[in-house]
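K.L.:
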Amino acid sequence: MRKFAETCEQIAGTTKKLVKTALVADYLKSCGVDESAISAVFLSGQPFPVWEETTLQVGGRSLWQIVAELAGKSSSELAGEYRRHGDLGAVAGEVLPKRNGQGLGVLEAESMFRQIAAARGAAAKVGLVRELLSRATPLEAKYIVKIMTGDLRIGLKESLVEEAIGKAYDAAPSDVQRANMLLGDIGETLRFAAARRLGEARMRMFHPLGFMLASPIESAGEGLSYFPEAAVEDKYDGVRAQAHISNGEVKIFSRTRDEITESFPEIPEALAGLRREAILDGEIVAWEYPAEIEMTKEILDGAVSPADRHKAVNLGRARPFSVLQQRLGRKKVSEKMLREIPVAYLVFDVLYADGELTIDCALKKRARILDELLAERDSRPRGYRTIQSQPKLAFEDEQTSVAGSIIRAPVFRAASPEQLDELFLAAQARGNEGLMIKNLDSTYSPGKRGKSWLKMKRELATLDVVVTAVEYGHGKRIKVLSDYTFAVWNGDRLVNIGKAYSGLTDADIREKTQWFLEHTIEDQEFRLIVEPKIVIEVAFNNMMKSERHDSGYALRFPRIVRLRPDKSAEEADTIERVAEIYARQK
Ligand code: AMP
């Protein structure tokens, strides 16, 4: 790890992207392929490749205590160091004692990470982390801790590592990027590049692909300004989900690419009826099935007269996100939960079908493939059927299908801003967040936020921010951490922008209090600095320039709209978006 850590120091020392990629490329070329492949993963700030489910499960607090113990420092001495560096890795590099030994190899570090992930129980994990850090030199430990906390903070994004791989092995950056997108593993991508076989990298079932993301728009006019032909869908307020289906086996992945199949047992059951291998993209929402849906089954079974069939077209509607939240993060879902909070998978895209990757097809074509896939479901054994819906909900072949908990998200068309505004109001009336406006000629770009997908939301001025510090509340909230200070990204640094009393439910606040206590980095008595991992959405009335927070901005009447457990801290908003909102408001 010595060479790795020294390279990281050099990378941190420059802001020039070209110099950063050159440094990484030189480093990668100087190592054997195994070492380079693992280093590529580490350089992306992760102990393991993205697609893997493996996690270390070592809390910030434990790491903090181990560093303090190995350095022979008290917690408050360490807190002083932390205030100077703002990063536990940098603190470790500063305070850990020098060693005479050889230090630690990259392969050894990876093998220790795997042992830590596999260890059961906090004590076993702590023992292994202690061993890992005591074998490393202080500089190596600095970067080991940074990898463990998931961020190197040296201004190196995965896209730069991709560029560096291209440079090191003489490959086109676009080929490296595509292979990494398909494999979800930058280390494996490097191996393909080193063997000059990038073209052979194939998508693998049950390895999640990146999700295509949307850019916010501020008006209906803007919504129709980027492309000539738009598909318009409701923006459902649930969790994004990518479903992989192969031979009756189904796995569902969240936006952070974690597997969430167990939380939604009714969905795999319904999807297993697909006849072809496929990867679908959609949103899981808590769903209110109207009485008519029950009737649909009866109609299809011949129990209801054809005259009543028109009533069966109502698909039901989404319930608020707070309802769905009760079903999130559970390994076992009780019968009662399944009955009281049924969910539906609103499918809006297809990334792979029947041996063919469809991400390079235009949305127009993908929509047709998706309609066909859902229509030909082998539904009989499970009792799921396809029904015709109102033509105005239709996409091209005028069909929207419902099957158990799988629903093809209805697609609309809008030719003018007025029509888009109408659809927006109708979506809100159905209880949805707003609209998604998609370019019918666009391909699916995994992991990219561009102008091919646009989102039009209820609150135009909301920000997704990261909680950086928490305080105890007042009155009945005196025992819970209910006042949150939050931040946005300025480059790779988080800068505070505001503080709000939590508008969350008591149950959420209690649960989060526990989390914050377990993930406190520094206890300032009246206020706890916490690991910057929790993302919340805040709404506000307007924005001011202000010296109160280090972002240089402050929010007027900030209020917490909700938790965003589906977003990682890296996905929070940036200072550029803040500046944009500020400029617009003026
Ligand atoms: P946001 O989370 O505010 O950045 O908005 C983007 C998210 O909206 C996506 O990641 C999806 O989870 C969600 N979403 C809801 N409905 C749709 C839809 N019809 N198409 C695409 N994304 C949707």
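In short: position in the sequence shown from 1, add 865, done, that's our numbering.
The beta-carbon is built from N, C-alpha and C at its ideal position, and this holds for glycine as well.
Because the structure is a prediction, the values reported are computed rather than measured.
DSSP on residue 1355, reduced to helix/strand/coil?
P.N.:
strand
K.L.:
Excluding sequence positions up to five away, which residues of its chain have a Cβ less than 7 Å from the Cβ of residue 1375?
P.N.:
1345
K.L.:
Could you pull the start and end residues of the alpha helix (DSSP H) that residue 892 belongs to?
P.N.:
882-895
K.L.:
Just the Cα atoms here: how many angstroms apart are residue 1207 and residue 1131?
P.N.:
9 Å
K.L.:
Under a three-way DSSP split, which group does residue 1118 fall into?
P.N.:
strand
K.L.:
Nearest-angstrom Cα distance between residue 1365 and residue 1381?
P.N.:
16 Å
K.L.:
Decide if the region 903-918 is in contact with the region 1347-1356; the criterion is three or more beta carbon pairs, one per stretch, under 8 Å apart.
P.N.:
no
K.L.:
Under a three-way DSSP split, which group does residue 1445 fall into?
P.N.:
Residue state, collapsed to three classes: helix.
K.L.:
Would you mind reading off the limits of the alpha helix (DSSP H) that contains residue 998?
P.N.:
987-1000
K.L.:
From the DSSP secondary-structure annotation, give me the bridge partner or partners of residue 1020.
P.N.:
In the DSSP output, where bridge partners are listed per residue, residue 1020 has none listed.
K.L.:
What does the alpha-carbon distance come out to for the pair residue 817 and residue 1125?
P.N.:
Here the chain has residues from 866 to 1451 only, and residue 817 is not among them.
K.L.:
What separation, rounded to the nearest whole angstrom, lies between the Cα atoms of residue 1343 and residue 1394?
P.N.:
18 Å
K.L.:
Applying the criterion that 16 or more other CB atoms from any shown protein chain within 10 Å of the CB defines a buried residue, is residue 884 buried or exposed?
P.N.:
Exposed is the label assigned to residue 884, since fewer than 16 other Cβ atoms lie within 10 Å of its Cβ.
K.L.:
Kindly give me the distance between the Cβ atoms of residue 1214 and residue 1242, rounded to whole angstroms, as I take these residues to be in contact under 8 Å.
P.N.:
So it is not a contact: roughly 17 Å between Cβ atoms.
K.L.:
Using only alpha-carbon positions, find the residue among 986, 1200, 1339 and 913 that is nearest to residue 927.
P.N.:
986
K.L.:
Nearest to residue 1063 by alpha carbon, out of 991, 1040 and 1081?
P.N.:
Distance from the Cα of residue 1063 is smallest, within the candidate group 991, 1040 and 1081, for 1040.
K.L.:
Sorted by chain position, which residues of the same chain lie with C-beta nearer than 7 Å to residue 1037's C-beta, five sequence neighbours on each side aside?
P.N.:
1031
K.L.:
Assuming residue 954 and residue 1010 make a contact with CB atoms under 8 Å, what is their CB distance in whole Å?
P.N.:
So it is a contact: roughly 4 Å between Cβ atoms.
K.L.:
Where residue 1045 and residue 942 are concerned, what is the direct C-alpha to C-alpha distance, given to the nearest angstrom?
P.N.:
Looking at the two C-alpha atoms, the distance is approximately 43 Å.
K.L.:
Short of 8 Å in beta carbon distance, which residues of its chain neighbour residue 1198, apart from the five on each side in sequence? Order them along the chain.
P.N.:
Excluding residues within five positions, the ones whose Cβ falls inside 8 Å are 1127, 1128, 1129, 1130 and 1192.
K.L.:
Helix or strand or just coil, what does DSSP make of residue 1109?
P.N.:
strand
K.L.:
Distance, Cα to Cα, residue 933 vs residue 1329?
P.N.:
33 Å
K.L.:
What separation, rounded to the nearest whole angstrom, lies between the Cα atoms of residue 1438 and residue 1336?
P.N.:
23 Å
K.L.:
So is the beta-carbon of residue 1129 under 7 Å away from any non-hydrogen atom of the ligand AMP?
P.N.:
no
K.L.:
Nearest to residue 901 by alpha carbon, out of 868, 1294 and 1222?
P.N.:
Ranking the options by Cα distance to residue 901, first place goes to 868.
K.L.:
Residue 1288 and residue 1305 look like a contact to me (Cβ under 8 Å); what is the Cβ gap, rounded to whole Å?
P.N.:
Not a contact, Cβ separation roughly 16 Å.
K.L.:
Can you name the start and end residues of the alpha helix (DSSP H) that residue 901 belongs to?
P.N.:
898-908
K.L.:
Take every Cβ of the region 1075-1086, pair it with every Cβ of the region 1389-1409, and state whether three or more of those distances are shorter than 8 Å.
P.N.:
no
K.L.:
Compute the minimum distance between the beta carbon of residue 1091 and the heavy atoms of the ligand AMP, and state whether it is under 7 Å.
P.N.:
no
K.L.:
Are the Cβ atoms of residue 1152 and residue 1194 separated by less than 8 Å?
P.N.:
No. Outside cutoff.
K.L.:
Please say whether residue 1089 and residue 873 have beta carbons closer to each other than 8 Å?
P.N.:
no
K.L.:
Strictly under 8 Å for the Cβ-Cβ distance: is residue 920 near chain B by that measure?
P.N.:
The question asks about chain B, but that chain is absent: this structure has only one protein chain.
K.L.:
Would you call the CB atoms of residue 1137 and residue 1113 closer than 8 Å?
P.N.:
yes
K.L.:
Just mark residue 1370 as buried or exposed, buried being the case when its beta carbon has 16 or more other beta carbons within 10 Å.
P.N.:
exposed
K.L.:
So if DSSP puts residue 953 in a beta bridge, which residue, or which two residues, is it bridged to?
P.N.:
Looking at the DSSP assignment, residue 953 forms no beta bridge with any residue, so it has no partner.
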